[in-house]
Every structure is written in structure tokens, then in C-alpha cells.
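Residue numbers (the numbering used here), protein chains in the order written: chain S, 49 to 311; chain D, 2 to 270.
Here a beta-carbon is modelled for each residue, glycine too, at the ideal position from N, C-alpha and C.
Here the structure comes first, spelled out in C-alpha cells, and everything after it is commentary.
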């Protein structure tokens, strides 16, 4: 019993380290193709990047708008109710501004994109793997990393910060609308106060986080997709696994990030 | 070792190839050569290692030991860039076609040209239409792979495989999943391509009818060993019991090794 348990733990650890190593080499290889692709006569094609940007970023705008606006309002409701016990309702602007830009925007965008695009990537790559499309790419002389991973990685690295910044604006608007209704604060007054308390560093903290999340989502989705070997059930498992792992890593990375930045 | 007489002509040379899947040994010391312009059929039952042999010939895996020379270049030693270069003169038709599902048939066929040549769009379109008409799929370029039948998918995959006019062409189970008529059409197509382009062709299959129709020579694999390489006549007349059971569709006689059986039961390999 104890032996099998230790054995299992050992195997899991080895697998984990192996996967981390694989992730680093995948990241290195996709950056290699971006920078040195023309030496190998395999450049990363801009249309591939743009189509990924559309899917990951632009098509997510409606849902991002709804989520961010709702979160902004939720924070205002919660903040005003809590601060009212101290009679400090007007401080709600500070609370909303900081929590939105530092935490909520990057986290919500990270989780949304992991669920929306990470799952799509893992399912697509997994299906390609079992249909031998990945092998077909290789025998045609096209690197699957250059053709599939690099465009997605670039698109994620561009679109996550953009979505995060957009979510900042919409969530602040949501907060302003509720504060206006509850406290009678006018929109310009709210905006003035927000600009007063908000620093560039606060927004940048969210942007940096979103860049890390972009790398996490891309690598986790592709590794799970490439590892599919057992039919359609394998694709389903890989998709689930990549979403769950992405979100877990995102939340852990977020916590670590916040810890180091507030020290 | 290949004999001296065929050495100049051989475009595919496999020497002492040993491969493992995990800890299991799949191929034992495989030696074979394929001459230029020849159709070599690799035949064997399931689990014989024939598909594995093909995957190693394509350079998809690194063997445990041994050499594989394609067009006088050892693919086990080549740098990635040189291997990519060599792959321009290879075409592969996979078992399920392996067409890219997100691209139309036309785009699938164009892809190797787009990636490897600097031809202008017009020329690329003309060349891909030409190859599609070779496989009798003219006019289908705007359809998606999901809209085609199994036989059409295989032919479209063949068009993609020959679009760069390869010197070496590989087929994995060309007749699998096809009705007898579609399978026979594909066989004719394989023969026509060889005659027209003088392509060297390697076909992995377990389909006997197709093997006897197209093969110049046959390599028979059984449990990771080559048990015979010969012409159609030689293989037909072989008195090797394994080959005879393969040809006569007899079920395999399992020789039971008492010790090995016991070990497999107790899980101690």
C-alpha cells in the first residue's frame, strides 16, 4: 500500500518535471521559429497569426464586455455595502480601481481565454494528432511548432494584454454606473477620482500578469493536444485537462505575482 | 548489407534497423533496399511492425540503432534542416488521408508548394489543379475534406503527396476502408504514377489482392523480422509456413513457450 503510494508519487513527480521540461523546450522552440525562421526557410506567416488573434481576441470581445461590466458593478455593490459600515462609501472608487486593474481584469481574462481558446486549441491539436495531420505536416517538411504553436503564442501574447486593458476600462465603467446610481456620483467626478488614485504601475501589474497567463494557456493547451494518442476519448480528456490545468496554474501564478509585487 | 550490384540503384537502404516502443522491441535488425522506379510492398499481419518500419523510413522517430538511407542520405544522421530539404523529394499518403481539416482540398494540395517554393499564386493554383485531375478530382478544390468520401479523401491525399513531384512515394494501407472498386482504382493510380513519373514507391499493406496487382517486389514482415524479400512469384511459391498462412488467411498458430507464458501470467517480464 505504502509502496504503491510512494511509487505513484514518484511517477507523478517525474511526469511533472518531464512536462515542465517539455513546456520550456516548446516555448524556446516557438520563439526560435519566430526569430530564426527565415534561416530555415520557414517563416511564421502573418495571416496565421491574424486569424488566431481574431479567434482569441476579437471574437471574445462581447463576452469580455459582459463579464467585465458585471464584475465592476459587483465590486461597487460589495464595496459600498462594506464601506458603509465605516461611513467611508466615497473610498469605493479607490477599491474598485485597484482591484480591477491589479487583480480582476487579468484573472477573469486569463480564465475566460483558457476556457474559450485554450480548450479549442487543445481539441484542435488533439484531433490533428489522431488524424495523423501532425505527422503529415512533419513529412511535408513543415515544423508543427512553427506552423501551429508560434502563431497562437504570438496571438495570445498580443491579445491577452489588449483584452485585459479593455476589461479594465469596461469594469471601471460598470463600477461608475453603480456608484452613480447608489451614491449619486457623476460619471466625470468618478473618472477624475479614478485617474487621481490610479497609477500606471497598477495597470502595468495587470498587463504583466496577462503576459504570463498567455504563455501558460498556450503551452498547457498545446502540450495536452500533442500528447493525445487514444482516439476521441483522448481528445476529450486532453481538453478538460488543459482547461483545468491552465486555470490552476493561472491562479497560482497570480498569487505568486501579487506576493512578489506587493513586497 | 546490400549486394554490390544493386547498390548504385538503391534509393532506399535500411540497414540493421532496431527499434523499440517503450521497452518493447518492435523491429529486429531489419535490412532491406528499394531500387529506383520500383514498387516495393511491405506486407505482414497486424503487429508485424510494417507500419513502424514505414514511420522510421519517414524519419518520424529516431531508431535505437541502424541506418536508413534515402537518396544516399542517412536520415538518422541528418540535421533537421537537411531532413526538411530531403522531405521535399518525398511524398506520403497516410492511412486516413491526414488532410488538414481546416483547409479546402485545393489548399491542402497547394500547401507544400506554398511552403517550399516561391512560385506565384497562379502557377500554384494551376499545378494543384493538374495534380487533382491526375487523381480524377478536378473541380473538387473548393470542398472541405469532411465533404468527401473515403476514396476521394485518399485520392486527394495522393494529389497532395505528388504535388512536389517526389522521387519517393510512401503509402500506408492505401486500400484500408475502401470498397473493392475504389481500392482497385487506387491501385491503378499507383501504377500510373510510377509509369508516368518513374517514382520509387513503398506501400505498406495487408491487402493481398492489391499487393499482387502492384508489387514489383514484396517484403514480408513477421513479428519484427523480415522473413522474405522477393518477387510476387517467389513469395507465392514460398514454402515458409508463416507466409503460406498469411497468403491463405489462416489463423496464426501460436507457439506456446511455457516459461514465457508463466512469466506473462505473473506479470514478471
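Helix, strand or coil at residue i according to DSSP, with G and I counted as helix
{"i": "residue 14 of chain D", "result": "strand"}
{"i": "residue 177 of chain S", "result": "helix"}
{"i": "residue 210 of chain D", "result": "helix"}
{"i": "residue 172 of chain D", "result": "strand"}
{"i": "residue 60 of chain S", "result": "helix"}
{"i": "residue 195 of chain D", "result": "helix"}
{"i": "residue 237 of chain D", "result": "helix"}
{"i": "residue 6 of chain D", "result": "Legend: pLDDT at residue 6 of chain D = 43, less than 50; position of this residue unreliable, value from coordinates given subsequently. Three-state result, residue 6 of chain D: helix."}
{"i": "residue 122 of chain S", "result": "helix"}
{"i": "residue 58 of chain D", "result": "helix"}
{"i": "residue 200 of chain D", "result": "coil"}
{"i": "residue 128 of chain D", "result": "helix"}
{"i": "residue 21 of chain D", "result": "strand"}
{"i": "residue 28 of chain D", "result": "strand"}
{"i": "residue 91 of chain S", "result": "coil"}
{"i": "residue 205 of chain D", "result": "strand"}
{"i": "residue 306 of chain S", "result": "helix"}
{"i": "residue 49 of chain S", "result": "coil"}
{"i": "residue 98 of chain D", "result": "strand"}
{"i": "residue 136 of chain D", "result": "coil"}
{"i": "residue 145 of chain D", "result": "coil"}
C-beta neighbour in chain S for residue i, strict 8 angstroms
{"i": "residue 5 of chain D", "result": "The predicted model places residue 5 of chain D with a pLDDT of 42, which falls under 50 and marks its position as unreliable, so this point remains unresolved."}
{"i": "residue 138 of chain D", "result": "no"}
{"i": "residue 261 of chain D", "result": "no"}
{"i": "residue 35 of chain D", "result": "no"}
{"i": "residue 141 of chain D", "result": "no"}
{"i": "residue 116 of chain D", "result": "yes"}
{"i": "residue 177 of chain D", "result": "no"}
{"i": "residue 155 of chain D", "result": "no"}
{"i": "residue 101 of chain D", "result": "yes"}
Neighbourhood of residue i by C-beta distance below 8 angstroms, restricted to the same chain and skipping five residues each side
{"i": "residue 136 of chain D", "result": "156, 157, 159, 160 and 190"}
{"i": "residue 228 of chain D", "result": "221, 222, 241, 243 and 244"}
{"i": "residue 147 of chain S", "result": "123"}
Span of the beta strand (DSSP E) around residue i
{"i": "residue 227 of chain D", "result": "226 to 232"}
{"i": "residue 67 of chain D", "result": "66 to 71"}
{"i": "residue 202 of chain S", "result": "Per DSSP, residue 202 of chain S belongs to no beta strand (DSSP E); it is in the alpha helix (DSSP H), 198 to 231."}
{"i": "residue 93 of chain D", "result": "91 to 94"}
{"i": "residue 150 of chain S", "result": "Run containing residue 150 of chain S: none; DSSP gives neither H nor E here."}
{"i": "residue 44 of chain D", "result": "40 to 44"}
{"i": "residue 223 of chain D", "result": "218 to 223"}
8 angstroms Cβ cutoff, residue i in contact with chain D
{"i": "residue 154 of chain S", "result": "no"}
{"i": "residue 181 of chain S", "result": "yes"}
{"i": "residue 187 of chain S", "result": "yes"}
{"i": "residue 162 of chain S", "result": "no"}
{"i": "residue 83 of chain S", "result": "no"}
{"i": "residue 132 of chain S", "result": "no"}
{"i": "residue 289 of chain S", "result": "no"}
{"i": "residue 184 of chain S", "result": "yes"}
{"i": "residue 51 of chain S", "result": "no"}
{"i": "residue 150 of chain S", "result": "no"}
{"i": "residue 241 of chain S", "result": "no"}
Same chain, Cβ closer than 7 angstroms to residue i, five either side skipped, listed in chain order
{"i": "residue 176 of chain S", "result": "182"}
{"i": "residue 104 of chain S", "result": "161, 165, 203, 204 and 207"}
{"i": "residue 82 of chain D", "result": "none"}
{"i": "residue 95 of chain D", "result": "158 and 173"}
{"i": "residue 85 of chain S", "result": "91, 92 and 194"}
{"i": "residue 140 of chain S", "result": "124, 127, 128, 131 and 227"}
N- and C-terminal bounds of the alpha helix (DSSP H) containing residue i
{"i": "residue 161 of chain D", "result": "151 to 163"}
{"i": "residue 247 of chain D", "result": "242 to 248"}
{"i": "residue 253 of chain S", "result": "248 to 274"}
{"i": "residue 32 of chain S", "result": "The structure shown does not extend to residue 32 of chain S, since chain S is modelled only from 49 through 311, so no value can be given for it."}
Close Cβ partners of residue i (< 6 angstroms) along its chain, the five nearest in sequence each way excluded
{"i": "residue 225 of chain D", "result": "27, 28, 29 and 50"}
{"i": "residue 260 of chain S", "result": "301"}
{"i": "residue 88 of chain S", "result": "none"}
{"i": "residue 37 of chain D", "result": "10, 12 and 201"}
{"i": "residue 197 of chain D", "result": "none"}
{"i": "residue 116 of chain S", "result": "215, 218 and 219"}
Proximity test, residue i beta-carbon vs the ligand NAP heavy atom, cut-off 7 angstroms
{"i": "residue 262 of chain D", "result": "Because no ligand of any kind appears in the structure shown, any question about the ligand NAP cannot be addressed here."}
Contact set between residue i and chain C, taken where Cβ atoms lie within less than 7 angstroms
{"i": "residue 190 of chain S", "result": "Within the model displayed, chain C is absent; protein chains S and D are what it includes."}
| Of the residues that make up the region 55 to 71 of chain D, which ones have a beta carbon closer than 9 angstroms to any beta carbon in chain S? | 56, 59, 60 and 61
| field | Interfacial residues, the region 77 to 101 of chain D to chain S, with Cβ spacing under 9 angstroms | value | 81, 82, 84, 85, 86, 87, 88, 89, 91, 92, 93, 95, 96, 97, 98, 99, 100 and 101
| query | Can you list, in chain order, the residues of the region 102 to 131 of chain S whose Cβ is nearer than 7 angstroms to any Cβ on chain D? | reply | none
| field | Interface positions of the region 106 to 133 of chain D facing chain S (Cβ-Cβ less than 8 angstroms), listed along the chain | value | 112, 113, 116 and 117
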